[in-house]
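Protein chains in written order, with the numbering used here: chain A, 180 to 682; chain B, 2 to 273.
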Amino acid sequence: MRLETRKLLDKAFSGLGLIAIAVMAMALLAILTPIIWRGSKAFVFKGTIEHRRVMLEQFDRGNSDRFNEELNLTAAARAPVYDMLEAFEAETAELEKTLEAQEDEKKTQAKVLKNQARALKREGGSEEEIARLEAEEDRLKAEAKALKEQARSLGETREEPYEALVDAVQELFGPMPGQKKPVLIRQQYGQTRWDRTLVKLHEVMVEEEWDYSNPDAMGVLVENPRIEKFRGTGLEPFFQYLEDHIDEMMRPKTTFYWQFITDTSKDSHIFGGIWPEVLGTIYLTLGAMIFAIPMGVIAAIYLCEYAREGRTVSFLRICISTLAGVPSIVFGLFGLAFFLNTIQVSDSKSVLAGSLTLSLLILPTIIRSSEEAILAVPRAYKEAALGLGAGRWHTVMTVILPAALPGILTGVVISMGRAAGETAPIIFTAAVSVGAPLKIWETLNQPTPALPWNIYNLCTEHEAVDEIRHVQYGMVFTLVAIVLLLNLFAILMRARISKKLRG
Amino acid sequence: MKIQILAMTAAATVAATAGASDKIVIDGSTTVGPIAKAFAEYYMAANPDVNITVSESGSGNGAKSMVNGTCDVAIMSRPMKETEFKAAADKGIQPVAHVVSLDGLPILVHPSNPVQELTVEQVRKIYLGEISNWKEVGGPDKAIVTISRDTNSGTYETFAKLVMNKEKIGGKCEYVGSNGAIRQRVQSTPAAIGYAGLGFVDKTVKALKINGIYPSAETVQTGEYPVARPLFMYTDGYPKLGTPLYQFITIHLTEDGQEMVEEIGFVPVTAY
């Protein structure tokens, strides 16, 4: 009976274990799939002619002859659009002018009549005639007023919808031909991605309005086709043309933009890539490792091999455990207060200050894992070494450390991933939202953009968040990839070392 | 010969100073952030050997960085406070204000919200918690979700001064850390109300008329819109003429600078 129970318990436990692993695998899949799927769109997407234009003009990339050929085709396809807009503008101006001229004419006629009536009055002409003239004058005045009203409503019915349309078209295609080149890079180009092009095309075709007619409920979004505002004018065929020829006007092509990682960003991430962030993350992670690994390993050796168990050592251990539990933002504030404001390792935020802060954050993990690794080395190794007459130092360096290396590396792997992904410690000590890629000596006193912080920055603080989601996803993807690669590298290294040790 | 040597020394000195000050660290307001980022990009495109970094951590942090000497330019959406000036003076730093742009503080709601207009008094009461339902200001029967910037923000300070009359915001308010976060909260919450800089208004949120005036470049410039303010960049002393810092801090006076400010959605100071 008892055996039965035990078996049952065993089975139940292995079942639970399987379920836990399955849940973990599913969670991993659920998290990683969208990251990979959406992130890959920063690298592989349907790029438009505008993307190739950015590449050529901003990054000096691509064949300019072939591009110009393509550009000519695009320009030819776009020409009718601009012609139609121009014709409509001219037509409206003409109409306005005619109305004004008519109004002026009526006004002059009214004035003539007024003068006539006045002259008649002075000369004592017939009352009837005067009344007739005055009535005629009033009629003309009223007509002039009506014309004026018409001219005014022309603005509302033709000009305002037209201006909105032109704005939407400019978002799609970039500045109109003949327009002065805008200063901001984001205004110099149209949509660079086909998916965004379709969104913007939709904005040209329909106008979103909110219907507030029900006062007891929230408004409802209504999409009014823009064409309705231009029925019967020269712009009526415009919309059909746009829909039919958008392919020729934007020339979408599947684009592999692997330089997304190695390009600097233009106009705060609206164009270009994420190199400064990638480089910043690498600097910060490596910097943290440079400080944390020696300190951590030395501390672990001391605690295992040299320190005598007692109050001091157990106090030290408590300190280390506590340090591991301190929230990361506290490290960030500490880094700002200590490294920057007190001992001033640099005169502004810097990679150095950030690395130091991060190294403190991961120190407990490294100490603890190294300690475990050292303790796991069989006592016999040490005893044999000491028995052969090696000193303590010699034993540690040549016998214990090499044997413990795989275990130590595990801790390093875990903490490396953590250092690469931590945001809070670098907010106040190292990270900025815009900056150039740093040269290695500049890390001593200059701050840098870094992936974890810039992902956050892009989704909360950037002024054009919805336009550049793909950059954000691309950054997340890259960060995850970097962490995975670092881990993979370290795991491979560990495998090699343990193999060597065994062999 | 002498002249040649003199010229060479002069050139060397210029090169040395340029080499010494080839970084500009900017820290502070999330409202001024887009302007600073655009200026930085613009300046770095023309001077690739100067590295300008911009972090957006709020006006209060900008001031702190200036006082601690860890930034060259503090971008702020409010003037420095007396206490901050004192703290700076104690450390031998003299903050000099450069007004780079004007800004209105649009009151934002979800575009589906039928309310078009509020008075400053109504906004104040909403944030005090005295008005807690849109019904009371002519909207549907929905509890108002108030969203404010955190107290470290210059935008918050401006709002507290111009709208709240220094009274404390009511208990239920939700505090967020940046202008972009305000916009995101408002665009995802139909019953929300928030406030942000002019440059952060897009069609995903709706700016209300306040006291009958719509927040736009014109109404801010004429001073009609009641919740408006200048945006600042502070430097330690007036930068030496001709240095990169000087060139950077005067971009807003150039035609290109004004155009950038305008295109981002703020109001250039020089366009009277």
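In this text, a Cβ means the ideal position worked out from N, Cα and C, and glycines have one as well.
Leaving aside the five residues before and after residue i along the sequence, list all residues of the same chain whose C-beta is less than 8 Å from its C-beta, in chain order.
i	result
residue 172 of chain B	130
residue 463 of chain A	530, 533, 534, 537, 598, 599, 605, 609, 627, 629
residue 670 of chain A	592
Apart from the five residues just before and just after residue i, which ones in its own chain have a Cβ nearer than 6 Å to its Cβ?
i	result
residue 218 of chain B	268
residue 55 of chain B	27, 37, 38, 41
residue 518 of chain A	524, 532, 535
residue 150 of chain B	156, 157
residue 637 of chain A	651
How should residue i be labelled, buried or exposed, when 16 other C-beta atoms within 10 angstroms of its C-beta is the threshold for buried?
i	result
residue 394 of chain A	exposed
residue 92 of chain B	exposed
residue 199 of chain A	exposed
residue 541 of chain A	buried
residue 506 of chain A	exposed
residue 635 of chain A	buried
residue 404 of chain A	exposed
residue 261 of chain B	buried
residue 663 of chain A	exposed
residue 192 of chain A	exposed
residue 184 of chain A	exposed
residue 189 of chain A	exposed
residue 196 of chain A	exposed
residue 203 of chain A	exposed
residue 573 of chain A	exposed
residue 509 of chain A	exposed
residue 587 of chain A	buried
residue 341 of chain A	buried
residue 205 of chain A	exposed
residue 253 of chain A	buried
residue 252 of chain B	buried
residue 216 of chain A	exposed
residue 249 of chain B	buried
residue 317 of chain A	exposed
residue 185 of chain B	buried
residue 4 of chain B	Confidence at residue 4 of chain B is low in this model, with a pLDDT of 49, below 50, so the placement of that residue is unreliable and no value is reported for it.
Assuming residue i and residue j form a contact by the criterion Cβ under 8 Å, report the distance between their Cβ atoms to the nearest whole angstrom.
i	j	result
residue 107 of chain B	residue 196 of chain B	7 Å
residue 653 of chain A	residue 453 of chain A	7 Å
residue 577 of chain A	residue 673 of chain A	At roughly 20 Å, the Cβ-Cβ gap does not stay under 8 Å, so residue 577 of chain A and residue 673 of chain A are not in contact.
residue 80 of chain B	residue 237 of chain B	16 Å between Cβ atoms; not a contact.
residue 147 of chain B	residue 128 of chain B	6 Å
residue 210 of chain B	residue 118 of chain B	4 Å
residue 475 of chain A	residue 549 of chain A	6 Å
residue 30 of chain B	residue 63 of chain B	6 Å
residue 144 of chain B	residue 134 of chain B	6 Å
What span of residues does the alpha helix (DSSP H) with residue i cover, start to end?
i	result
residue 213 of chain A	181-219
residue 273 of chain A	243-302
residue 102 of chain B	Looking at the DSSP string, residue 102 of chain B is not in any alpha helix (DSSP H); the run it does join, the beta strand (DSSP E), is 96-105.
residue 193 of chain B	Taken as a continuous stretch (DSSP letters only), residue 193 of chain B belongs to no alpha helix (DSSP H), being part of the beta strand (DSSP E) at 193-196.
residue 639 of chain A	630-639
residue 403 of chain A	No alpha helix (DSSP H) contains residue 403 of chain A, which is instead part of the beta strand (DSSP E) from 399-404.
residue 621 of chain A	Premise fails: residue 621 of chain A is in no alpha helix (DSSP H) and is neither H nor E.
residue 494 of chain A	490-504
residue 644 of chain A	Careful: residue 644 of chain A lies outside any alpha helix (DSSP H) and carries neither H nor E.
Could you name the residues of the same chain whose beta carbon sits closer than 7 Å to that of residue i, not counting the 5 residues immediately before and after it, in chain order?
i	result
residue 655 of chain A	214, 218, 634
residue 515 of chain A	607, 608
residue 113 of chain B	191
residue 457 of chain A	440, 630, 657
residue 337 of chain A	271
residue 387 of chain A	400, 402
residue 602 of chain A	631, 632, 635
Looking at the unbroken beta strand (DSSP E) that takes in residue i, where does it start and where does it end?
i	result
residue 1 of chain B	Since the displayed chain B opens at 2 and closes at 273, residue 1 of chain B lies outside it and no answer follows.
residue 249 of chain B	Note, residue 249 of chain B: premise wrong, no beta strand (DSSP E); alpha helix (DSSP H) at 245-250.
residue 386 of chain A	385-390
residue 166 of chain B	Here residue 166 of chain B belongs to no beta strand (DSSP E), and DSSP marks it neither H nor E.
residue 27 of chain B	24-29
Below 8 Å, can you find three or more Cβ-Cβ pairs linking the segment 559-569 of chain A to the segment 460-480 of chain A? no
Touching or not, the segment 68-77 of chain B and the segment 520-527 of chain A, by the rule of three or more beta carbon pairs under 8 Å? Taking a cut-off of 8 Å on C-beta distances, the segment 68-77 of chain B touches the segment 520-527 of chain A, as three or more cross pairs fall below it.
Can you confirm whether the segment 347-366 of chain A touches the segment 282-294 of chain A when touching is taken to mean that 3 or more C-beta pairs between the two stretches lie within less than 8 Å? no
Residues of the segment 32-57 of chain B in Cβ contact with chain C at a cutoff of 9 Å, in chain order, please. Absence of chain C from the displayed structure is noted, the protein chains being A and B.
Looking at C-beta atoms only, is the number of pairs between the segment 316-329 of chain A and the segment 223-234 of chain A that lie closer than 8 Å three or more? no
Quick one: any contact between the segment 380-396 of chain A and the segment 408-426 of chain A, if contact means 3 or more CB pairs under 8 Å? yes
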